[in-house]
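Trainee: I have a structure I would like to understand better, so I am pasting it below and will then ask my questions one at a time.
In my numbering, the protein residues as written are 666 to 867.
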C-alpha cells in the first residue's frame with residue numbers, strides 16, 4: 666500500500682481505512698491522504714449512505730521524511746469511535762484501554778525524550794571539560810617546551826659568543842687543539858693528550 670511522498674515544508678497525517686462502498690458493492694483498504702499543514706490533522710472518516718469507513722491506523726509523515734518508523738504509526742483498532750473490535754453481539758468498549766495505552770505511550774515517550782536530553786547534555790559537558798583540559802595541557806606543554814628550547818639556545822649562543830669574543834683566532838685555535846687526535850704507528854707519539862688515541866702497528 667503506497668504512501669504519498671512527504672512535503673518539503675509541511676506535515677501530513679494519512680489514515681489507513683477499511684472502506685465499505687455501498688454503491689460499488691466493494692470492501693477495500695485504502696489510504697486517505699491528510700491535508701498538509703504545520704500542525705497536521707488526520708482526515709475525517711466518511712460514514713454515510715454511500716460509504717462507511719473504519720480507521721485502522723494513522724501515519725504521521727513529517728516534512729521531508731524519507732522513511733516511516735514504528736513511532737510514526739498510531740494503531741486505531743481499539744478506538745471504538747474510529748474502529749473497535751467485533752467479538753460478539755455484545756461488544757466490549759475498548760476506548761478506555763486505547764486511551765490508557767496512548768497515555769502510557771506518551772508518558773514513556775516524554776521520559777525517553779527527557780532522559781535523552783539529559784544524556785546529551787551530560788555528554789556535551791564531559792566533552793567540553795575534556796577538550797578544555799586537553800587544550801590547556803597541550804598549551805602548557807608547548808609553553809614549557811618552548812621555554813626549555815629557548816633556554817638551551819640562549820646557553821649555547823652565549824657559550825659560542827664568549828668563545829668568539831676577544832682573540833677570535835686564538836680561541837678558534839684553542840678549540841681546534843682541543844679536538845681529540847688519532848695516532849697510528851709503531852712508535853708512541855711524543856706529545857699525546859689524555860683525549861688522544863694511539864693505534865700501535867705491529
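Note that beta-carbon positions come from the ideal geometry of N, C-alpha and C, so glycine has one too.
1. Look up residue 850 in the DSSP assignment and say whether it is helix, strand or coil.
2. Helix, strand or coil: how does DSSP classify residue 744 here?
3. Distance check for residue 680 and residue 697, CA to CA, integer angstroms please.
4. Between the Cα of residue 727 and those of 764, 741, 851 and 702, spot the shortest distance and give me the residue it belongs to.
5. Which residue comes first and which comes last in the beta strand (DSSP E) that contains residue 696?
6. Just list the residues that DSSP pairs residue 725 with in beta bridges.
7. At the level of alpha carbons, what is the spacing between residue 670 and residue 802?
8. Could you check whether residue 717 and residue 684 sit closer than 9 Å to each other, using their CB atoms as the reference points?
9. Alpha carbon to alpha carbon, what distance is there between residue 687 and residue 714?
10. By DSSP, does residue 720 sit in helix, in strand, or in coil?
Mentor: Taking the coordinates as given:
1. strand
2. Judged by DSSP in its simplified three-state form, residue 744 adopts coil rather than helix or strand.
3. 5 Å
4. Comparing C-alpha distances from residue 727 to each of 764, 741, 851 and 702 shows the shortest one belongs to 702.
5. 691-697
6. 678
7. Distance between the alpha carbons of residue 670 and residue 802: 52 Å.
8. A Cβ-Cβ contact shorter than 9 Å links residue 684 with residue 717.
9. 7 Å
10. strand
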